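Chemist: The sequence shown begins at 1 in the UniProt record's numbering and counts up by one.
A virtual CB, placed ideally from N, CA and C, is assigned to each residue, including glycine.
Quantities reported herein were computed from a predicted structural model and do not represent experimental measurements.
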Amino acid sequence: MRTTSRAPNHAFMWNCVDQKCEVIDTLSGLTTSRESSVISKAALFQQWLALMKQIKPDSTPTIYCDAKQLEVDYQTAKMEINKAFQKGGFGLWIIKPHEQDEFDLSCSDPTLHHQINEPMPSVD
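Shown next as structure tokens:
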């Protein structure tokens, strides 16, 4: 039987790359200053797109769910972790509504994704 408890209202995120931290409202996904987090799905996808466009400039999908489906390594890892969960008696990963992943960054309103076009600092 799976037991759940109420998640905290806020999450604290920091990283060693740019040494910044964020306090994120777990209900809205926005920071306490009402901006998109640098670890939001859209922000991370934007960074992934920028990298992929350098490797495959003409064949990178801008729709998040399409990009996930086309990534063989990602799909293989997802399948393997689900097998391991089942084998260990932990059940399956909870599946969220597909609509959450149906966003296209090529046509999104730039005001909705504050800071997603800013490049992540280099780790050099």
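In whole angstroms, what separates the C-alpha of residue 45 from that of residue 56?
Modeler: Residue mapping note: residue 45 aligns to position 45 of the sequence shown, counting from 1. Residue mapping note: residue 56 aligns to position 56 of the sequence shown, counting from 1. Distance between the alpha carbons of residue 45 and residue 56 is about 15 Å.
Chemist: Applying the 10 Å Cβ sphere with the 16-neighbour rule, what's the burial state of residue 32?
Modeler: Position 32 of the sequence shown, counted from the start, is the residue given in the question as residue 32. Exposed, by the Cβ-count rule.
Chemist: For the alpha helix (DSSP H) containing residue 24, name the first residue and the last one.
Modeler: Within the sequence shown, residue 24 is the residue found at index 24, counting from 1. From DSSP, residue 24 is part of no alpha helix (DSSP H) but of the beta strand (DSSP E) over 21-25.
Chemist: Thinking just about the alpha-carbon of each residue, which of 68, 75 and 28 is nearest to the one in residue 49?
Modeler: Residue mapping note: residue 49 aligns to position 49 of the sequence shown, counting from 1. Among 68, 75 and 28, the Cα nearest to that of residue 49 is on 68.
Chemist: For residue 104, which residues from the same chain have a beta carbon less than 8 Å from its beta carbon, with the 5 sequence-adjacent residues on both sides left out?
Modeler: Against the sequence shown, residue 104 aligns to sequence position 104. Excluding positions up to five away in sequence, the list reads 62, 63 and 64.
Chemist: Can you tell me where the beta strand (DSSP E) holding residue 48 begins and where it ends?
Modeler: Here residue 48 corresponds to residue number 48 of the sequence shown, with the count starting at 1. Premise fails: residue 48 lies in the alpha helix (DSSP H), 41-55, not in any beta strand (DSSP E).
Chemist: Using the beta-carbon count (16 or more within 10 Å), is residue 24 buried or exposed?
Modeler: Taking the first residue of the sequence shown as 1, we reach residue 24 at position 24. Its Cβ being crowded by 16 or more others within 10 Å, residue 24 is buried.
Chemist: In three-state terms, what does DSSP make of residue 32?
Modeler: Locating residue 32 in the sequence shown gives position 32, where the first residue counts as 1. It is coil, neither helix nor strand.
Chemist: Buried or exposed for residue 72, going by 16 or more other Cβ atoms inside 10 Å?
Modeler: Residue numbering aside, residue 72 sits at position 72 when the sequence shown is read from its first letter. It counts as exposed.
Chemist: Enumerate in chain order the residues of its own chain whose CB-to-CB distance from residue 9 is below 8 Å, with the five nearest sequence positions on each side excluded.
Modeler: Sequence index remark: in the sequence shown, residue 9 carries index 9 (1-based). Around residue 9: 25, 26 and 27.
Chemist: Can you tell me whether residue 99 is buried or exposed? The criterion is at least 16 other CB atoms within 10 Å of its CB, across all chains shown.
Modeler: Counting from 1 along the sequence shown, the entry for residue 99 is found at position 99. Residue 99 is exposed by the Cβ-count criterion.
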